[in-house]
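Take a look at the structure set out below.
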Amino acid sequence: MQDSAYDAASRPLDGPEISVVMPCLNEEESVPLCVERAWQGIAKTSLSGEVVVCDNGSSDRSVELAERAGARVVREPRRGYGRAYLTGIDASVGRLIVIGDSDCSYDFSELDRLIGPLLDGYDYVLGSRFAGTILPGAMPALNRYLGNPVLTGVLNRLFGLHTSDAHSGMRAFTRTAYERMQLRCEGMEFASEIVVAAAQVGLRVTEVPITYHPRVGDSKLRRWRDGARHLRFMFAEALSPAPRGGPIGEARPEAGDNAADGRTAAVGEQVAAARNGGAAALRGGLPATDSSPR
Ligand SMILES: Nc1nc2c(ncn2[C@@H]2O[C@H](COP(=O)(O)OP(=O)(O)O)[C@@H](O)[C@H]2O)c(=O)[nH]1
Ligand SMILES: [Mg+2]
Numbered sequence: 109m110q111d112s113a114y115d116a117a118s119r120p121l122d123g124p125e126i127s128v129v130m131p132c133l134n135e136e137e138s139v140p141l142c143v144e145r146a147w148q149g150i151a152k153t154s155l156s157g158e159v160v161v162c163d164n165g166s167s168d169r170s171v172e173l174a175e176r177a178g179a180r181v182v183r184e185p186r187r188g189y190g191r192a193y194l195t196g197i198d199a200s201v202g203r204l205i206v207i208g209d210s211d212c213s214y215d216f217s218e219l220d221r222l223i224g225p226l227l228d229g230y231d232y233v234l235g236s237r238f239a240g241t242i243l244p245g246a247m248p249a250l251n252r253y254l255g256n257p258v259l260t261g262v263l264n265r266l267f268g269l270h271t272s273d274a275h276s277g278m279r280a281f282t283r284t285a286y287e288r289m290q291l292r293c294e295g296m297e298f299a300s301e302i303v304v305a306a307a308q309v310g311l312r313v314t315e316v317p318i319t320y321h322p323r324v325g326d327s328k329l330r331r332w333r334d335g336a337r338h339l340r341f342m343f344a345e346a347l348s349p350a351p352r353g354g355p356i357g358e359a360r361p362e363a364g365d366n367a368a369d370g371r372t373a374a375v376g377e378q379v380a381a382a383r384n385g386g387a388a389a390l391r392g393g394l395p396a397t398d399s400s401p402r
């Protein structure tokens with residue numbers, strides 16, 4: 109069996125197979141519903157699962173309500189969409205990982221549609237809103253007709269790809285694929301990084317159409333600042349690709365290694381995922397998204 113395919117035979121005997129991971133920053137109105145839907149989606153697959161919410165310092169009742177709905181909450185004090193994912197995914201244990209916002213814009217009860225291709229041997233599945241349905245009110249016109257198409261177009265041109273939605277928040281990948289990608293971006297440009305890294309390490313990639321719903325609560329996206337971060341990441345990566353895709357099972361580089369911004373991670377109730385800021389420079393060195401509630 110190929111090492112990057114889902115390997116049911118080698119999964120932990122009693123550990124969950126699917127980990128649904130959501131970043132959360134003040135989403136008390138939506139996060140419990142997202143957790144419930146994730147459990148519904150997991151049930152549809154007939155596989156075991158867990159739901160991990162990585163809270164980014166919410167000042168509302170997000171943590172309490174997520175836990176009550178059946179999530180394991182991991183706390184990450186450092187702000188940033190990517191930062192929250194890195195910590196949340198490192199704290200998760202399933203061999204199949206599904207990620208998405210905790211704002212009800214993605215329907216986790218349909219996560220089986222992303223899991224299916226992983227079980228068929230794909231390493232990475234992107235839920236595409238542009239190939240699917242964007243419901244009225246789900247995406248501002250400027251993002252829909254300018255920001256997303258332009259940034260996705262730039263990414264495709266720079267890296268020779270054909271993705272239809274570089275900024276979709278809903279994706280699934282195997283843990284092996286995640287480890288090979290060696291993701292490091294801490295802000296919203298994490299979304300672009302996954303698309304690029306998946307291609308760089310030669311993952312078997314596919315897209316499935318999904319429906320994008322109007323989010324509950326206020327968006328944390330800061331259009332111009334986050335758009336600039338995507339651009340900066342893409343050009344830096346095109347000029348000087350980050351090291352990725354070591355052999356399966358290879359230990360992650362320690363902080364201080366010359367493999368810039370390698371990460372170390374520890375899994376526990378509270379995960380301290382330390383990142384090496386040292387040689388981060390452009391690629392990983394963008395300061396984490398400052399998404400203080402506005
Ligand atoms: N921007 C941002 N989002 C965060 C952070 N921490 C967690 N998130 C979550 O990341 C997800 C994406 O953010 P969102 O505001 O929905 O961005 P949008 O989907 O581009 O409008 C949401 O579930 C947020 O709650 C953070 O520090 N910054
Ligand atoms: Mg969102």
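Using the working numbering, read the sequence shown as starting at 109 and increasing by one per residue.
Built from N, CA and C at the ideal position, the CB exists for glycine as well.
Quantities reported herein were computed from a predicted structural model and do not represent experimental measurements.
Residue i versus residue j: straight-line alpha-carbon distance, rounded
i    : j    : result
V181 : M130 : 10 Å
Y64  : C142 : The chain is shown only over 109 to 402; residue 64 falls outside these bounds and no answer can be derived.
G123 : L155 : 11 Å
L226 : L339 : 30 Å
G196 : E144 : 18 Å
D211 : W332 : 21 Å
V201 : T284 : 11 Å
V161 : C132 : 7 Å
F267 : H321 : 29 Å
S167 : G178 : 20 Å
R169 : N134 : 8 Å
N251 : G245 : 12 Å
G325 : Y253 : 22 Å
Top-ranked residue by Cα proximity to residue i, from the options
i    : options                   : result
A305 : G325, F341, T319 and R323 : F341
P257 : H275, L347, A174 and V161 : H275
A199 : L269, G188 and E184       : E184
S327 : I126, E137, V128 and E125 : E137
R190 : G353, R203, P349 and R337 : The sequence as given places Gly at residue 190; Arg does not occur at that position. It is R337 whose Cα lies nearest to the Cα of G190.
D273 : F216, I302 and V309       : I302
E175 : T271, S167, A344 and V159 : V159
I205 : G165, G268 and S127       : S127
L329 : S170, R187 and L173       : R187
A192 : D209, A179, A177 and R203 : D209
A280 : R352, V262 and R312       : R312
L412 : E287, Q290, V233 and L263 : As shown, the chain starts at 109 and ends at 402. That puts residue 412 outside it, with no answer to give.
Y286 : R237, R265 and V233       : V233
Limits of the alpha helix (DSSP H) - the one that residue i falls within
i    : result
D220 : D220 to L227
F343 : R331 to L347
S127 : Looking at the DSSP string, S127 is not in any alpha helix (DSSP H); the run it does join, the beta strand (DSSP E), is I126 to C132.
D198 : Y189 to A199
Residue i: first and last residue of the uninterrupted beta strand (DSSP E) it sits in
i    : result
A280 : R279 to T282
C162 : G157 to D163
For ligand 2, list every residue whose C-beta falls under 7 Å from any of its heavy atoms, going in chain order.
In chain order, the residues that have a beta carbon nearer than 7 Å to some heavy atom of ligand 2 are D209, D211, S213, G277, R323 and S327.
Evaluate the contact criterion for the segment 295 to 303 versus the segment 214 to 224: three or more CB pairs, one atom per stretch, below 8 Å.
no
Okay, do the segment 152 to 168 and the segment 229 to 238 touch, 3+ Cβ pairs below 8 Å being the bar?
no
Is the number of C-beta pairs between the segment 312 to 326 and the segment 234 to 241 that are closer than 8 Å three or more?
Yes, since at least three Cβ pairs between the segment 312 to 326 and the segment 234 to 241 fall closer than 8 Å, the two stretches touch.
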